[in-house]
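Novice: Would you mind keeping the following structure in view while I ask a few things?
Residue numbers (my numbering): 528 to 798.
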């Protein structure tokens, strides 16, 4: 379940078996003079009383946070809520989806601001992605905006840590898709001190990263990780979901297969 601002409306996306859904529909039918059911979507039109919509958005937003019990409300998340409330002059649409259809894709790229600060730019604002990255980089964290996270790149081992972040991850209902090229080139500043490596060696190390392994790991360790990832990101796991989600899994599954084959073939030739 999540709440997001679109160009023409505020959308509450909620699973069809979520207890909040039935209460929200009952609230809409009781208090909104203009509410329409369109297939599997409820569209609540503006009836001139924003306090009703303020209440519903506030309720939905905190229901989202309660669903994610491992995280607590942060100042940034409350700013997000305040931001949403600025737009309650728009209609509210409640989109009802299947239980496993709430995956949202967020692409993350790296940009250099100056000699001190690095920005991780998200393709869209997402509180789950922002919390995860902020927690992961707690030691380097400087602050964030709605779709930007700022890090201090001057501290020891910063670049070693950031390169370990580059992988495809699913956190709760969010697909985090990291732009490897922007990380590899440090936002245009050049590679991570691996200029002594050949192109083939760099590609091989990238293959290990895709399998979330270290290039010095034993092959059996890499194989075990490969099997885990192939099972986790098999396209059958998202059958029938949104086409963007399916394509994300297809891309990740292909990358896992190709990375494993490259490592296996390289080791076979070396032996």
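Beta carbons: idealized from backbone N, C-alpha and C, even for Gly.
Check whether the stretch 730-744 and the stretch 776-791 touch, using three or more Cβ-Cβ pairs below 8 Å as the test.
Specialist: Touching, per the Cβ criterion.
Novice: Residue 666: which of 689, 576, 534, 772 sits nearest, CA to CA?
Specialist: 689
Novice: With a threshold of 8 Å, are at least 3 pairs of Cβ atoms found where one atom belongs to the stretch 701-709 and the other to the stretch 748-758?
Specialist: no
Novice: Please state the DSSP three-state secondary structure of residue 602.
Specialist: Any answer about residue 602 is weak, because its pLDDT of 48 lies below 50 and its placement is not dependable; what the coordinates show is given next. Reduced to three states, the DSSP call for residue 602 is helix.
Novice: Could you pull the DSSP bridge partners for residue 750 from this structure?
Specialist: Its beta-bridge partners do not exist; DSSP assigns none.
Novice: Below 6 Å CB to CB, which residues in the same chain sit around residue 580 once its five sequence neighbours on both sides are set aside?
Specialist: 615, 619, listed in sequence order.
Novice: State the Cα-Cα distance for the pair residue 530 and residue 583, rounded to the nearest angstrom.
Specialist: Near 11 Å, if we compare the C-alpha coordinates of residue 583 and residue 530.
Novice: Residue 578 to residue 613, Cα distance in whole Å?
Specialist: 11 Å
Novice: Under a Cβ-count criterion, where at least 16 other Cβ atoms within 10 Å of its own Cβ denotes burial, should residue 563 be classed as buried or exposed?
Specialist: exposed
Novice: Below 8 Å on the Cβ atoms is my contact criterion, and I expect residue 646 with residue 633 to pass it. Report the Cβ-Cβ distance as a whole number of Å.
Specialist: Not really, about 15 Å apart at Cβ, beyond 8 Å.
Novice: Got a sec: does the ligand SAH put a non-hydrogen atom nearer than 7 Å to the Cβ of residue 561?
Specialist: Looking for the ligand SAH in the displayed structure turns up nothing, as the structure carries no ligands at all.
Novice: Taking residue 736 as part of the beta strand (DSSP E), name the residues at either end of that continuous run.
Specialist: From DSSP, residue 736 is part of no beta strand (DSSP E) but of the alpha helix (DSSP H) over 726-737.
Novice: Extract the residue ranges of the beta strand (DSSP E) inside the stretch 571-595, only unbroken runs of 3 or more that lie entirely within it.
Specialist: Listed in chain order, the beta strand (DSSP E) runs fully inside the stretch 571-595 amount to none, counting runs of at least 3 residues.
Novice: Compare the Cα-Cα distances from residue 789 to each of 750, 541, 774 and report the closest residue.
Specialist: 750
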